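Undergrad: Provided herewith is a single structure, encoded as structure tokens, for subsequent inquiry.
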Amino acid sequence: MGRSRVTVTDVAHLAQVSRQTVSNALNRPEIVKPDTLARVRAAVAELGYRPMPAARLLRSGQSRTIAFALSTNPNGIADRFLHALTSAAQDRDHRVLLFAAGSDNEDIRQYEQLLTGSVVDAFVLADTHRDDRRTAWLASQGARFAAFGRPWGDGTETHAWVDVDGAAGTRAAVEHLAALGHTRIGFVGWPAGSGAGDDRGAGWAEAVAAIGSAPDGLSRQVLDSPGAGFTAAQELLAAGATALVCASDNLALGAWSHARTVGAAVVGFDDTPVAAAVGLSSIAQPLREAADAVVAAVLDGDADSPHRVLLRPALVERASSTPAGTDL
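Under this note's numbering, the first residue of the sequence shown is numbered 13, with each subsequent residue one higher.
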């Protein structure tokens with residue numbers, strides 16, 4: 013038989029104190045005499061005692077749990093952010109509770125149930141968008157939360173958020189391609205209104221204007237799929253572009269499948285494992301840094317001075333944007 017779980021009674025017996033004194037030493041050490049506190053801590057270390065989460069919840073009223081909604085469109089970036097968020101929470105002695113939802117209203121119904129049942133202490137949101145109802149609802153309930161993604165509204169939102177500077181990423185992609193001699197650099201983006209997509213498109217437009225190239229006619233707004241990227245690449249390269257910046261690796265994979273046949277360069281966005289596997293240059297988001305910042309925002313944040321962090325992504329150069337990779 014395995015060893016039975018060490019209890020508070022075992023610690024109290026070894027330290028020669030009461031169970032209440034052990035509880036005080038663990039939860040309110042400032043009220044315990046130094047020599048007594050030292051004996052309790054020595055007994056905890058010797059026995060390998062770990063407080064039961066359920067008991068801790070009853071004492072503190074805190075579950076040490078953060079709720080996070082699974083993305084309705086799973087992809088490499090969502091999966092990696094979830095892994096980073098889970099690790100960041102564990103480093104702070106918290107756990108992540110996952111739930112599935114498909115709209116703002118469905119998310120809010122889940123939030124209400126979780127708050128009513130005292131199941132979680134806080135929430136992390138992702139996939140922020142214009143007219144996002146979730147943040148206003150959580151704020152109205154006095155819930156602790158932070159978002160991975162900016163509030164794409166009118167600027168009056170006051171909640172905590174962490175985001176990656178998409179415009180800086182696409183500017184870096186254009187500058188990289190311009191340094192290789194490209195002067196006609198197109199953009200394959202998402203339909204207007206997505207927030208993150210508009211941000212990435214704005215960075216491209218600013219950068220091509222800065223290198224003296226007019227952006228007119230060199231962009232396409234399409235749904236996020238390799239097929240749409242392929243078609244957009246055909247049109248843009250036929251219009252005179254020699255290189256393409258894409259709002260996602262999904263689009264870039266389709267674009268490169270055509271661009272490589274005519275020696276054009278492509279840079280994607282998100283640096284997914286598939287991009288790395290096929291040699292696609294891409295903009296990498298600092299996901300672990302973002303997850304650490306989100307967890308810090310939700311656990312340490314001050315409602316009067318909420319965390320707002322904008323992180324800079326980094327270009328990862330591979331074959332799709334180098335002369336050797338595009339000269340076929």
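Heads up, the beta-carbon is just placed ideally off N, CA and C, and yes, glycines get one too.
Predicted, not measured: the structure shown is a model, and the values here were computed from it.
(1) Using alpha carbons as the reference points, say which of P41, A37, L59 lies closest to V18.
(2) Please state if the CB of F93 and the CB of V10 are separated by a distance shorter than 7 Å.
(3) If distances are taken between C-alpha atoms only, which option among S237, G239, F242, A217 comes closest to S231?
(4) Just the C-alpha distance for P65 and H106, rounded to the nearest angstrom, thanks.
(5) Within this structure, are the beta carbons of E364 and L322 separated by less than 7 Å?
(6) Which partner residues does V257 have in the DSSP bridge list?
(7) What separation, rounded to the nearest whole angstrom, lies between the Cα atoms of H270 and I78?
(8) Taking only the alpha-carbon atoms, compute the straight-line gap between V23 and T284 and give it to the nearest angstrom.
(9) Going straight from the alpha carbon of A172 to that of I295, what length do you get?
(10) Does DSSP classify A326 as helix, strand or coil?
(11) Between R162 and A219, which are expected to be in contact by the criterion C-beta below 8 Å, what is the C-beta distance as a whole number of angstroms?
(12) Between the Cα of D143 and the Cα atoms of E187, G209, G205, L82, which residue gives the shortest distance?
(13) By the DSSP assignment, the alpha helix (DSSP H) with V274 in it spans what residues?
(14) Name the DSSP beta bridge partners of D175, please?
(15) Take V279 and list the residues in its own chain whose beta-carbon comes closer than 6 Å to its own, dropping the five residues that flank it on each side.
(16) Residue range of the beta strand (DSSP E) that L192 falls in?
(17) Identify, in the order they occur along the chain, each residue of the same chain with its Cβ nearer than 7 Å to the Cβ of W164, setting aside the five sequence neighbours on each side.
(18) Any idea if Q32 is buried or exposed, counting beta-carbon neighbours within 10 angstroms, 16 or more meaning buried?
(19) CB D116 to CB R76, shorter than 7 Å?
(20) Buried or exposed for L110, going by 16 or more other Cβ atoms inside 10 Å?
(21) From A27 to R104, what distance separates their C-alpha atoms?
TA: According to the structure data:
(1) L59
(2) Because the chain here runs from 13 to 340, residue 10 falls outside it and cannot be looked at.
(3) A217
(4) Because the pLDDT at P65 is just 47, under 50, the model does not fix this residue reliably, and the point stays unresolved.
(5) The structure shown has nothing for residue 364, since the chain only spans 13 to 340.
(6) F199, V279
(7) 43 Å
(8) 49 Å
(9) 25 Å
(10) strand
(11) Between A219 and R162 the Cβ distance is about 20 Å, and since that is not below 8 Å, they are no contact.
(12) G205
(13) Element bounds for V274: n/a, residue is neither H nor E.
(14) L322
(15) A185, V257, S293, S333
(16) Segment: none, L192 is in no beta strand (DSSP E) and carries neither H nor E.
(17) T140, H141, R142, G207
(18) exposed
(19) no
(20) exposed
(21) 28 Å
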